[in-house]
Each structure stands twice: as C-alpha cells, then as structure tokens.
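Note sheet for the following structure.
Residue numbers (our numbering): 437 to 560.
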C-alpha cells in the first residue's frame with residue numbers, strides 16, 4: 437500500500453507530462469530560444485525525477501512483497517519501465533532536434549592564412 441501511494445503521483449506525472457513534452461519538443465520548441473530551452477530542461481528533469489520516483493516505489497513494493505508484507509504489483513514495475521523508456525526516448529528526441537539545428541546553422545570553417553591572423557589580432 438505504501439508503494440502504491442508513493443507511485444500514484446509519479447505515475448500520473450509520467451502519464452500526463454511525457455506525451456506533452458514529446459509533443460512540445462517535436463512541434464513547438466524553438467531550439468534557439470534560451471527561455472524555451474530552459475523551460476524544457478526543467479520539465480524534462482522533473483519528468484525524469486518522477487520516473488525515478490516511480491521506479492523507486494516499484495522497487496519498494498517488490499522488497500515489501502519479497503518480505504511477505506504485501507503482494508507485488510506487476511503493473512507498477514511495467515509502468516516504471518515504460519516511464520523510463522519514455523524519458524530515454526524524449527532525451528533522444530531532444531538530441532536529434534539539437535543535431536538538426538546544428539546542421540541547419542552550420543558555418544563554414546575558417547580558412548587559415550592572413551585573414552585568420554588578422555582576425556586573431558583584432559580579437560586580442
């Protein structure tokens with residue numbers, strides 16, 4: 437029962453937040469907006485924390501069931517695993533979006549020579 441009470445808010449947070457975050461990353465996140473990026477980092481960190489809390493509650497339920505105190509709930513373990521894989525997928529989606537943004541704004545490499553020396557002297 438204790439594991440179930442701790443897992444419910446975390447499970448709800450994962451079930452509700454992760455699809456919304458995935459949609460935000462895919463459709464509305466402006467990679468070049470510092471404000472949106474900070475908000476996204478905070479939201480993904482919070483979702484990852486809830487997924488860890490769900491895994492901890494599932495592990496607690498498993499320990500209690502092995503001690504004979506309660507029955508193990510297999511759906512809690514499945515939910516924890518699903519949340520962890522959803523967080524990993526979300527992080528990979530963010531990485532892909534950042535990679536695409538880096539490719540889109542690629543600057544050609546500087547060519548060595550007099551121009552590079554003049555730029556270095558001007559920067560100093």
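Glycine included, every Cβ here is placed at the ideal spot set by N, Cα and C.
Separation of residue j from residue i, as counted between CA atoms
i: residue 517; j: residue 483; result: 14 Å
i: residue 481; j: residue 458; result: 13 Å
i: residue 444; j: residue 513; result: 13 Å
i: residue 521; j: residue 539; result: 27 Å
i: residue 453; j: residue 479; result: 8 Å
i: residue 519; j: residue 477; result: 17 Å
i: residue 461; j: residue 524; result: 13 Å
i: residue 385; j: residue 489; result: Outside the shown range of the chain, which is 437 to 560, sits residue 385, and nothing can be said about it.
i: residue 493; j: residue 511; result: 12 Å
i: residue 472; j: residue 491; result: 28 Å
i: residue 529; j: residue 463; result: 11 Å
i: residue 495; j: residue 475; result: 30 Å
Cβ neighbour criterion (16 or more within 10 Å) applied to residue i
i: residue 456; result: exposed
i: residue 515; result: buried
i: residue 537; result: exposed
Is there contact between the segment 446-453 and the segment 466-485, where contact requires at least three CB pairs shorter than 8 Å? Touching, yes.
Runs of beta strand (DSSP E) lying entirely within the segment 455-494, each at least 3 residues, in chain order: Taking only runs of at least 3 residues, no beta strand (DSSP E) segment lies wholly in the segment 455-494.
Would you check if the segment 465-483 and the segment 533-542 touch, i.e. whether three or more CB-CB distances between them fall below 8 Å? They touch, by the three-pair rule.
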